[in-house]
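For reference, the structure discussed in these notes is given below.
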């Protein structure tokens, strides 16, 4: 090893000397050993790399040219390596291929790598490289043909030198954080075969000239901020097989030259703002297998020429404004596997050819991933259209069906009995139609069902007990029908049930006690029926929401605040003359009449006496509890009286006060909590008051109003202590808490400048400057990112819950309070944050979609737009309702996004910041959760957007 250290020293001081000693220790060995020395190799993949070897050609991941015996390829993909890409690799002067993908390399890109003598392929994808791509990287790139830097953390612009690297054929810079416009002169590199710039923050228009790329086979600009129209000469790329321009801000109609793309098999334009009719020449693109025009503004009829695309496997025309019916010519698309025409204005009945062809997925809502095996129809989704007619009586013949969704249409008639033959179906959604008749008992034969939704129809009859055979059911939604009879006890056997909704029916009888065995239950709604008797006791039903059982006048129990009647057995009176002492019978008129009470009667009397004693005891305890509560409230005066012994910390009757740092010595006390003048605001979880410590420091006290839902004292304290440990510059600090069974207080730091709502909407004297607004947006993002790193979802983002500190920094308040509830029930959450209209993510309306941090990202996106525009999320006009996200998105599509910036700024804002910020807000407020960035990415993006000229101004 000492010899190696000597050579390493000589390498640093005298490279020419080392080069002269090749016979002892050649450059390839030395370069690779130096490279290895800077790496962490947890799986020992490089254990065969030994500095004592004369040649590295037998080392793992190394390939040599047999003629020169020099290293020609270094392929270390997926070796779990970490560290920096060391300069030692520059000694591999005969290297042709360098592939280090799927590792965890960090640091910046070495600009000298492409300058190796014969390097042709560089693949550094799927690592953690950062910084910008050096401009020197593509200068004098020699023989370089393929470069992939995808899925890293690269920032900055694509270097202009890319346009001068004429040897390139494939470039993949996707899934980074690159920004700015495409390099000018990019279309001069006519040897391009693959260009992938997807999933970045690139912007501007894509200029004409792309038609010069005669050899271009694959191009992807997906998920960027490109705008304008598609280049008019794109049809010149005659060899193009795959083109993806989805999820950008393109406008206009499809360019005429596109009809010349006869070799194209995949074309995706999803998620833009294209307009007009789809031209008839689309049928001339005869090699198309995938055509995705969804989420645009296309209108008119679906062209009949689509039927000429006989190789088509996936056609997605959803979320447009198509009208008319599905053209019959589509029966010629014999290879069709997936069809999505949802959220349009299509009418008519479903054409018979859909059932006869090998269509694997017919979706009019959203196309899930499907396999390519031709097993027949697996997904049939006709939701959210205007289709009508009856369900086919033989629908059970679709034996491979996995998802059947015809919700939100005009389907009428009864549910076919053959529905039970759908033995592989796991989703059955017939909701929001005009179905009548009863639920067929044959439904029990659909044994794979997980999600059954029949709500908002006109179904009658009883809930069939045979449904217990669908043992995999997790969701059973039958609300808003005319169902009668009892809730069958058999439902208690569906042990996987999570969501049950029988509300707004005519159900009667009592609820089966066995329902308490449903251990996975998250929601059970039987409101607005004729359910009677006592609620089951135990399990989920101990914490059931009152709204879930309301509207049942004969239901009793503590949840509905209605006592159940006590039905004690009547005492039995025995006739003493019914038998004589000898056991013989005698007539009652000859004996003395006595009333003797039986054992049952004595027990009943004893029980009544015990109840009477209990009532007296409870009354005494209530008087004592009220007295304790009075003392507890009085204790809030703490040291406000003459006697310092009144501190609640010394008397357990006053409740429990805990301060996380320092002591609380309050001046105002109880009167501050009851004095309207001290009130700071009201929210879904409580009322906030200001009070003052004896040392002059103000604090904010939130008096919780969710006592009926609050956890036990132990759980409450555990959650509050976790929240108390969270400290961040952009989060309001929780200083302590106060607990009694009937009163819970949270003690926060006091923020002097009020809420963001007040500063945005209630101040007419002075509007926030652009720099102040940017600081607030960045502060909110940093605070929310920190919460998500702590695995805490805010749940209640809105401008009244963002406070402005003394230095103008934003501080998020009310975070984590949903954790104090016994469970995160959506109905409870929605009722608690109903004032957050316009901020709530659409997932809250769907019981089957998991609530994640992406809900907060949606709320942040709306908040961001509110800060930039100065408008509320939802504003009510005289004859209209304006939704902020829709208004801004429309302005962006029409090219007048700058008009959305708050007019009070009077053009005193940098457009190069404001426009990207607005676009970021729209991305965060995307309807699809997976398309929203995480908050760490949002912080990085905002820091990139910030103009360098403003760097001297502190934004934290």
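In our numbering, the protein residues as written are 12 to 967.
C-beta atoms are modelled at their ideal positions from N, C-alpha and C, and glycine is treated no differently.
What you are looking at is a predicted structure, and each value in this text was computed from that prediction instead of being measured.
* Nearest residue (CA-CA) to residue 176, options 493, 161, 151 -> 151
* Does DSSP classify residue 207 as helix, strand or coil? -> strand
* **Range covered by the alpha helix (DSSP H) that runs through residue 781** => 781-800
* Does the segment 58-66 come close enough to the segment 114-122 that 3 or more CB-CB pairs lie under 8 Å? -> no
* Would you kindly check if the distance between the Cβ of residue 99 and the Cβ of residue 46 is under 8 Å? => yes
* Closer than 6 Å by C-beta to residue 487: which residues in its own chain qualify, once you throw out the five before and the five after it? Chain order, please. => 463, 511
* **Member of 477, 531, 470 whose CA lies at the smallest distance from the CA of residue 513** => 470
* **Which listed residue (78, 75, 71) has its alpha carbon closest to that of residue 88** => 71
* Expressed to the nearest angstrom, what Euclidean distance is found between the alpha-carbon atoms of residue 570 and residue 409? -> 45 Å
* **DSSP three-state assignment for residue 491, whether helix, strand or coil** => coil
* Asked: If you draw a straight line from the alpha carbon of residue 838 to that of residue 530, how long is it in whole angstroms?
  -> Unreliable placement is indicated for residue 838, whose pLDDT of 46 sits below 50; no coordinate value is reported for it.
* Are the segment 159-170 and the segment 181-193 touching, with three or more C-beta to C-beta distances below 8 Å? -> yes
* **Nearest-angstrom Cα separation, counted from residue 713 out to residue 751** => 14 Å
* Could you please give the first and the last residue of the uninterrupted beta strand (DSSP E) stretch that includes residue 47? => Element bounds for residue 47: not the beta strand (DSSP E) but the alpha helix (DSSP H), 38-48.
* **Coil, strand or helix - residue 269 by DSSP** => helix
* Residues bridged to residue 670 [DSSP beta-bridge criterion] -> 747
* Inspect the beta-carbon positions of residue 993 and residue 457 and report whether they are closer than 8 Å. => The structure shown has nothing for residue 993, since the chain only spans 12 to 967.
* Given that a residue counts as buried once 16 or more other Cβ atoms are within 10 Å of its Cβ, and exposed if not, what is residue 454? -> buried
* residue 299 to residue 329, Cα distance in whole Å? -> 18 Å
* Which of helix, strand or coil DSSP assigns to residue 62 -> coil
* Asked: Among 572, 553, 554, which has the Cα closest to the Cα of residue 562?
  -> 572
* To do: Tell me where the beta strand (DSSP E) around residue 872 begins and ends.
  => No beta strand (DSSP E) holds residue 872; the alpha helix (DSSP H) holding it covers 864-880.
* **Alpha carbon of residue 842 to alpha carbon of residue 145, nearest angstrom** => Bear in mind that a pLDDT of 44 at residue 842, under 50, signals an unreliable position, so the model cannot answer this.
* Could you please give the first and the last residue of the uninterrupted beta strand (DSSP E) stretch that includes residue 75? => 73-75
* Asked: In the DSSP assignment, what are the bridge partners of residue 566?
  -> 544
* Asked: Between the Cα of residue 427 and the Cα atoms of 420, 400, 437, which residue gives the shortest distance?
  -> 400
* Any 3 or more C-beta pairs closer than 8 Å across the segment 889-904 and the segment 942-960 -> no
* Exposure of residue 949, with buried meaning 16 or more beta-carbon neighbours within 10 Å -> buried
* **residue 77 versus residue 41: straight-line alpha-carbon distance, rounded** => 19 Å
* Give me the Cα-Cα distance between residue 867 and residue 781, rounded to the nearest whole angstrom. => 24 Å
* Please confirm whether residue 896 and residue 936 have their CB atoms less than 8 Å apart. => yes
* Straight-line gap, residue 968 to residue 138 (C-alpha atoms, nearest Å) -> This structure cannot speak to residue 968, because the chain is shown only from 12 to 967.
* Is it right to say residue 481 is buried, meaning 16 or more other beta carbons lie within 10 angstroms of its own, or is it exposed? -> buried
* Asked: Just how far apart, CA to CA, sit residue 560 and residue 538?
  -> 4 Å
* Simplified DSSP state of residue 759, which is helix, strand or coil -> strand
* To do: Using alpha carbons as the reference points, say which of 819, 920, 918, 946 lies closest to residue 870.
  => 946
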